[in-house]
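This report concerns only the one structure given below.
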């Protein structure tokens with residue numbers, strides 16, 4: 004079984020860097036700054052639940 008750790012604000016840079024590498028496999032575009040901002044918005048607002 005796979006277990007995921009909750010998203011930590013300190014890991015956003017690491018996660019988005021991994022996303023860039025993953026998206027590059029198929030040549031998908033990614034706006035890294037927008038992705039970081041969305042992760043921050045998600046983690047800053049408890050109404051969105053937990054990640």
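Residue numbers (this note's numbering): 4 to 54. Backbone N, C-alpha and C define an ideal beta-carbon position, used for all residues, glycine too.
Thinking just about the alpha-carbon of each residue, which of the options is nearest to the one in residue i?
i          : options    : result
residue 19 : 52, 36, 44 : 36
How many Å lie between residue i and residue j at the Cα?
i          : j          : result
residue 10 : residue 46 : 7 angstroms
residue 22 : residue 49 : 24 angstroms
residue 34 : residue 27 : 12 angstroms
residue 30 : residue 51 : 30 angstroms
So, residue i versus residue j, is the Cβ gap smaller than 8 angstroms?
i          : j         : result
residue 39 : residue 5 : no
residue 43 : residue 8 : no
Give me, in chain order, the residues of the same chain whose beta-carbon lies closer than 6 angstroms to that of residue i; leave out the 5 immediate sequence neighbours on both sides.
i          : result
residue 24 : none
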